[in-house]
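Each residue of the sequence shown is one higher than the one before, starting from 15 at the first, in our numbering. Structure, as structure tokens:
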Amino acid sequence: MGACVLCEEQITNPLSPQRIEEQIATWLQESRPQMLESFYEASAEIIPLKVSGDDFCIVSNNRMNVCAYCYTEHVLKWLLSTKPDWSTIKEYFTHFDFDGERLGYTRTVEEEGYVF
């Protein structure tokens, strides 16, 4: 397996950013459609990095070189910039949390005043 071009860690959860993007878009469309356009703009900042790589998504079989953690961290930073309520953050973590050890972007959320 190859390394993520952003964090340079080995990709161990080969779920492509575009696949996660589809899932986040579905969640937003169902619960917060007013955020969808802004989400796609934020996602477009990182999705172009997917075009090459040694790894393939286990769902779509697309090539990828950005790990699920880095992509969901990028989206979380966008989400925090929108000043969401606690329920939005909680739902995001319920569906799209790749910070299993709670040592990365979970701390960012706590620094923003959202306490788990």
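C-beta: ideal position from N, C-alpha, C; glycine also.
Quiz item: DSSP three-state call for residue 77: helix, strand or coil?
Solution: strand
Quiz item: Which residue or residues does DSSP assign as beta-bridge partners of residue 69?
Solution: 78
Self-check item: Integer Cβ distance of residue 112 from residue 27, believed to fall under 8 Å
Solution: The C-beta distance from residue 112 to residue 27 rounds to 7 Å, short enough to meet the 8 Å contact threshold.
Practice problem: For residue 88, count neighbouring Cβ atoms within 10 angstroms of its own Cβ and tell me buried if that reaches 16, exposed if not. | Solution: Residue 88 counts as buried, since at least 16 other C-beta atoms from the protein chains shown sit within 10 angstroms of its C-beta.
Quiz item: Would you call the CB atoms of residue 29 and residue 71 closer than 8 Å?
Solution: yes
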